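In my numbering, the protein residues as written are 202 to 305.
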């Protein structure tokens, strides 16, 4: 139950991050258009550059989080496969033991 709650929280956070990024990109695009038109003053231009740096850092953080999540999923898959192999081995041993006992 706790893992499900954490998974839901992570999904909500990711969607919020995506929404914030989309909103920031739309706003940035609008102001970049003003910069091209020459209708953006120096302070607004500096703010635009600062926000672009922040967006780049946010994107980098999201990429890092996705890579971490992929690594965790890979490790979980490996662990699951190992447990399945152990279960199959134990099942085989149990079937052999039962076959041996039935012969006696």
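Note that the Cβ used here is the ideal one computed from N, Cα and C, for glycine as well.
Since the model is a prediction, treat every value here as computed from it, not as a measurement.
message: Can you give me the C-alpha to C-alpha distance between residue 285 and residue 229, rounded to a whole angstrom?
response: The C-alpha of residue 229 is placed about 50 Å away from the C-alpha of residue 285.
- prompt: Can you give the beta carbon distance from residue 259 to residue 222, rounded, assuming they're within the 8 Å contact cut?
  reply: That pair is a contact at about 7 Å.
task: Identify whether residue 239 lies in helix, strand or coil by the three-state DSSP scheme.
output: Correct three-state label for residue 239: coil.
message: In whole angstroms, give me the CA-to-CA distance for residue 209 and residue 216.
response: Computed Cα separation, rounded: 11 Å.
- prompt: Would DSSP call residue 300 helix, strand or coil?
  reply: DSSP, reduced to helix, strand and coil, places residue 300 within a helical segment of the structure shown.
message: Taking the alpha carbon of residue 250 as the reference point, which residue from 265, 226 and 268 has its own alpha carbon closest?
response: Minimum Cα-Cα distance from residue 250 among the listed residues 265, 226 and 268 corresponds to 226.
Close beta carbons around residue 305, own chain, < 7 Å, minus the five adjacent residues each side: Result list for residue 305: empty, nothing under 7 Å.
query: Are the Cβ atoms of residue 263 and residue 207 separated by less than 9 Å?
result: Between residue 263 and residue 207, the C-beta gap is not smaller than 9 Å, which leaves the two residues out of contact.
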